[in-house]
Amino acid sequence: MLKLFNTLTGRQEVFEPIEPKKVRMYVCGVTVYDYCHIGHARSALVFDVLRRYLESCGYNVTFVKNFTDVDDKIIKRANEQRVSCDAITTKYIQAYHEDMGKLGIRVATEEPKATEHIADIIQLTERLVAKSLAYAVEGDVYFEVANYSEYGRLSKRRLEDLQAGARVDVDERKRHPMDFALWKSSKPGEPAWESPWGAGRPGWHIECSAMSMQHLGETFDIHGGGMDLIFPHHENEIAQSCGATGKEFARYWVHNGFVQVNQEKMSKSLGNFFTIREIFEKSEWSEEVMGEILRYFLLSTHYHGPLDFSDQALKEAKNALNGFYDLFGRLAEPGVGTMPNPSLTQAIERSRVGFTSAMDDDLNTPVAIAVLQGLRSDVNKMVDKGLSIEGRKEARQEFRLLGESLGLFQADTWQFGSAIAETLPINLDGTATVRLVLNESDIERMLIERREARNRKDFQRADEIRKSLAAQGVIIEDKPDGTSRWKR
RNA sequence: GGCGCCGUACCCAAGUGGUAAGGGAGCAGUCUGCAAAACUGCGAUGCAGCGGUUCGAACCCGCUCGGCGCCUCCA
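Residue 0 is where the first sequence starts when you use numbering that gives the first Met the number 0, and the numbers rise one by one after that.
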């Protein structure tokens, strides 16, 4: 039974969907005017894992994640670069998919864009105006917080407290400093759509209300996003949606903590952020390996807490993951083991129970990973004792199965990169191509030579080969039968 | 000023009333021609500090110290 921490109630609650076996969830995506950093990756990953886990529990999940593709920052960026807004958003949406794809984050069921829902947004705004929850001033339309009695319910703030912190440059046309724009009149040269209030564009918060309703209905199960969206974005979404429909909006509100650098929030304004692509570009490991390292790292802390990003943390994640892939290597080898499998069956059963109860406990991925580490240790012992071929296959399959929710252990083997790679600064788009200097057949050839050397007890030559490969990042492990395996 | 979070071993990190999971790093041993991997063992009598409640507290309460977030665009 899955329990989730619900920001709305401030408690952990048992998750029960509106319709049995069906989950409808909406997650706030990104404003597409720049490349994503690890903070964005964490958020995307947390909800990807939630979705995967729900699916593994047998739910049919409709997962909607939006792109904000009309916004001040986009307009600014477009003007700076003298291109259209459309060019900017198209570019960064594509980049989003590339980056998140490398992290194994699956595309959502629906990925709507604000600009595709202008009619819905206008309609929703009209509903709010008709209910006296919004008012129009000179082509702008504002939500009137004073007329919505439950304003502050999500963020646990009172309107009076908010006034104290309100900005100085309050628009005089607003009836209350906290009133926020549903519709903005547009200046010349800005993207604009016709509306009952003249040419304009939507405010930020209204798009999510409109799109979630359109794709999931007026009431749905889970709404997620980063902690920083609680106020004002999600607070405003609730006001707009509940205000318009008079119904409950989302039932469970789930928010992930920040990625930090040196204990400080990673953010554009502080300039202490690392983009996802930058991390992949600087990585000394292959894309596939780096993606899994990042995933492991991001899931090694509970999603609700802060997470400090550092090279050392990545290195530790990589080392931890090495243990799993070393085991998978052993499991893949032909062997003559005959050990019966009852103890394996028991270990697997234990792990399933442990894994499920960890994930059920508000997606406690650190504990879930600890359970997998436990299974790794158990299986290693069994392999030492001579686990049968069938047992090895079963064990590998089990890691794949349990790892699926976390998106781990899906690769067959790890191919490490660039200790032995060279960078060729060529391409048209300015990026570089990394090419391996040593290919697999080179390595195999050297291993054969070394094996021959060892057979004639020429250990000096054997060690030379070992050293030479090691210098290029290839590590040799000798097996009892006289053959060797290698890894990077 | 208002609201809120965090402080667990060298590092990361679970645990939120019943006597400190897991990982990384390290050390020692077994195995190995050597090595790697694996296995075995070692590692916080204590959970920022000080008080209090309790038979019992890392977990509850109070105070203090240190770090951070939101209130403005932000995953």
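Just so you know, even glycine gets a beta-carbon here, dropped at the ideal spot from N, CA and C.
This one's a predicted model, so the numbers in the text were calculated from it and none came from an experiment.
Kindly indicate which residue of Leu-269, Leu-374, Tyr-150, Ile-121 has the alpha-carbon position closest to the one of Leu-326.
Residue numbering aside, residue 326 sits at position 327 when the first sequence is read from its first letter. Closest by alpha carbon: Leu-374.
Rounded to whole angstroms, what is the Cα-Cα separation between Leu-401 and Phe-354?
Here residue 401 refers to the residue found at position 402 when the first sequence is read from its first residue. Here residue 354 refers to the residue found at position 355 when the first sequence is read from its first residue. Going from the Cα of Leu-401 to the Cα of Phe-354 covers about 8 Å.
Can you round the beta-carbon distance between Leu-228 and Cys-27 to whole angstroms, since I take them to be within the 8 Å contact cut?
Along the first sequence, one-based indexing puts residue 228 at 229. Along the first sequence, one-based indexing puts residue 27 at 28. About 6 Å separates the two Cβ atoms, so the contact holds.
Can you confirm whether the stretch 143–156 touches the stretch 113–122 when touching is taken to mean that 3 or more C-beta pairs between the two stretches lie within less than 8 Å?
The stretch 113–122 makes no contact with the stretch 143–156, as fewer than three CB pairs between them are under 8 Å.
Does the pairing of the stretch 240–249 with the stretch 88–106 give three or more beta-carbon distances under 8 Å?
Touching, no.
Compute the Euclidean distance between the alpha carbons of Asn-438 and Leu-468, then round it to the nearest angstrom.
For this step, residue 438 is matched to residue 439 along the first sequence. For this step, residue 468 is matched to residue 469 along the first sequence. Cα to Cα, Asn-438 sits roughly 12 Å from Leu-468.
Whole alpha helix (DSSP H) runs in the stretch 351–411 with 4 or more residues, listed along the chain?
Within the stretch 351–411, the complete alpha helix (DSSP H) runs of at least 4 residues are 364–383, 388–405.
Ala-470 - partner residues in DSSP beta bridges:
Locating residue 470 in the first sequence gives position 471, counting from the first residue. Under DSSP, Ala-470 takes part in no beta bridge, so it has no partner.
Ordered along the chain, which non-local residues of its own chain (more than five positions away) have a Cβ less than 8 Å from that of Ile-474?
Within the first sequence, numbered from 1, the residue matching residue 474 stands at position 475. Close CB contacts of Ile-474 within its chain, under the 8 Å cut and outside five residues either way in sequence, are with Leu-468, Trp-485, Lys-486, Arg-487 (chain order).
Among Ile-464, Asp-310, Met-212, Asn-5, nearest to Gln-490 - alpha-carbon criterion:
Past the boundaries of the shown model lies residue 490; the chain is included only from 0 to 487, so the question cannot be answered.
Where Gln-11 falls: helix, strand or coil (DSSP):
As a working mapping, residue 11 is identified with position 12 in the first sequence. Of the three classes helix, strand and coil, the one that applies to Gln-11 here is strand, per DSSP.
In angstroms with no decimal places, state the Cα-to-Cα distance between Gly-151 and Met-226.
Taking the first residue of the first sequence as position 1, residue 151 is located at position 152. Taking the first residue of the first sequence as position 1, residue 226 is located at position 227. Going from the Cα of Gly-151 to the Cα of Met-226 covers about 15 Å.
For Ile-221, the residue or residues it bridges with in DSSP
Mapped onto the first sequence, residue 221 falls at position 222. Answer is Met-24, Tyr-251, bridged to Ile-221.
Measure how close the beta-carbons of Ala-118 and Leu-181 come, nearest whole angstrom, since I'm counting them as under 8 Å.
The sequence position of residue 118 within the first sequence is 119, counting from 1. The sequence position of residue 181 within the first sequence is 182, counting from 1. At roughly 14 Å, the Cβ-Cβ gap does not stay under 8 Å, so Ala-118 and Leu-181 are not in contact.
Span of the beta strand (DSSP E) around Leu-3:
As a first step, residue 3 is located in the first sequence; it is residue number 4 there, counting from the start. Note, Leu-3: beta strand (DSSP E), 2–5.
Please list, in chain order, all residues of the same chain as His-36 whose beta carbon is under 7 Å from its beta carbon, the five residues on each side excluded.
Your numbering for residue 36 matches position 37 in the first sequence. Met-265, Phe-272, Phe-273, Thr-274, Ile-275.
Beta strand (DSSP E) containing Asn-65: first to last residue?
Taking the first sequence and counting its residues from 1, one reaches residue 65 at position 66. It spans 59–67 - the beta strand (DSSP E) in which Asn-65 sits, taken as one unbroken run.
Distance between Ser-131 and Leu-293 (C-alpha atoms, nearest Å)
The residue given as residue 293 occupies position 294 in the first sequence. The residue given as residue 131 occupies position 132 in the first sequence. One Cα belongs to Leu-293, the other to Ser-131, and the distance between them is close to 48 Å.
Run through DSSP, which three-state label would Gln-262 get?
Translated into positions along the first sequence, residue 262 becomes position 263. Three-state result, Gln-262: coil.
If you follow the beta strand (DSSP E) that Lys-183 is part of, which residue opens it and which one closes it?
Reading the first sequence from its first residue, position 184 is the one you call residue 183. From DSSP, the beta strand (DSSP E) with Lys-183 extends over 179–184.
Residue ranges of each alpha helix (DSSP H) run of no fewer than 4 residues wholly in the stretch 284–355, ordered along the chain?
Segments of the alpha helix (DSSP H) lying fully in the stretch 284–355: 286–298, 310–331.
How many angstroms separate the CA atom of Leu-330 from the CA atom of Leu-313?
In the first sequence, counting from the first residue as 1, residue 330 sits at position 331. In the first sequence, counting from the first residue as 1, residue 313 sits at position 314. When rounded, the distance between both Cα atoms is 26 Å.
Would you check if the distance between the CB atom of Ile-538 and the CB atom of Leu-153 is smaller than 8 Å?
For residue 538 there is no data in the structure shown, the boundaries of the chain being 0 and 487.
Beta-bridge partners of Asp-457, as assigned by DSSP
Residue mapping note: residue 457 aligns to position 458 of the first sequence, counting from 1. In the DSSP assignment, Asp-457 is bridged to no other residue.
Could you pull out every residue in the same chain whose Cβ sits closer than 7 Å to the Cβ of Gly-290, ignoring the five residues on either side in sequence?
The residue you call residue 290 lines up with position 291 of the first sequence. Here the set comprises Lys-101, Leu-102, Gly-103.
Examine the Cβ distances between the stretch 248–262 and the stretch 299–310 and report whether three or more of them are shorter than 8 Å.
The stretch 248–262 is in contact with the stretch 299–310.
My understanding is that Val-370 touches Ser-342, with C-beta atoms under 8 Å, so please give their C-beta distance in whole angstroms.
Along the first sequence, read from residue 1 onward, the residue named residue 370 stands at position 371. Along the first sequence, read from residue 1 onward, the residue named residue 342 stands at position 343. Rounded to whole angstroms, the Cβ separation of Val-370 and Ser-342 is 17 Å, and the two are not in contact under 8 Å.
Just the Cα atoms here: how many angstroms apart are Met-497 and Val-69?
The requested residue 497 is not part of the displayed model; the chain covers only 0 to 487.
If you draw a straight line from the C-alpha of Gly-224 to the C-alpha of Thr-337, how long is it?
On the first sequence, residue 224 is found 225 positions in, with the first residue counted as 1. On the first sequence, residue 337 is found 338 positions in, with the first residue counted as 1. Taking the straight line joining both Cα atoms gives about 50 Å.
Neighbourhood of Gly-406 by C-beta distance below 6 Å, restricted to the same chain and skipping five residues each side
As a first step, residue 406 must be located in the first sequence, where it is residue number 407. Within the same chain, Cβ atoms closer than 6 Å to the Cβ of Gly-406 are found at Gly-103, Arg-294, the five residues on either side in sequence being excluded.
Would you kindly work out how many angstroms separate the C-alpha atoms of Arg-50 and Thr-482, rounded to a whole number?
On the first sequence, residue 50 is found 51 positions in, with the first residue counted as 1. On the first sequence, residue 482 is found 483 positions in, with the first residue counted as 1. Their Cα atoms are separated by approximately 43 Å.
With distance defined between alpha-carbon atoms, name the residue in Leu-1, His-232, Pro-187, Phe-408 nearest to Gln-11.
Counting from one through the first sequence, the residue named residue 11 turns up at place 12. Leu-1 is the residue among Leu-1, His-232, Pro-187, Phe-408 whose C-alpha sits nearest the C-alpha of Gln-11.
Which residues mark the beginning and the end of the beta strand (DSSP E) in which Phe-142 is found?
Here residue 142 corresponds to residue number 143 of the first sequence, with the count starting at 1. Segment 139–142, the beta strand (DSSP E) holding Phe-142.
Helix or strand or just coil, what does DSSP make of Pro-489?
No information on residue 489 is available, as it lies outside the stretch 0 to 487 that the chain covers here.
Can you check which of these residues, Leu-158, Ala-191, His-233, is closest to His-175 by C-alpha distance?
Sequence index remark: in the first sequence, residue 175 carries index 176 (1-based). Residue nearest to His-175 within the set Leu-158, Ala-191, His-233 is Leu-158 (criterion: CA-CA distance).
I need the DSSP call for Lys-505, collapsed to helix, strand or coil.
Within the shown structure, residues of the chain are numbered from 0 to 487, placing residue 505 beyond reach of any answer.
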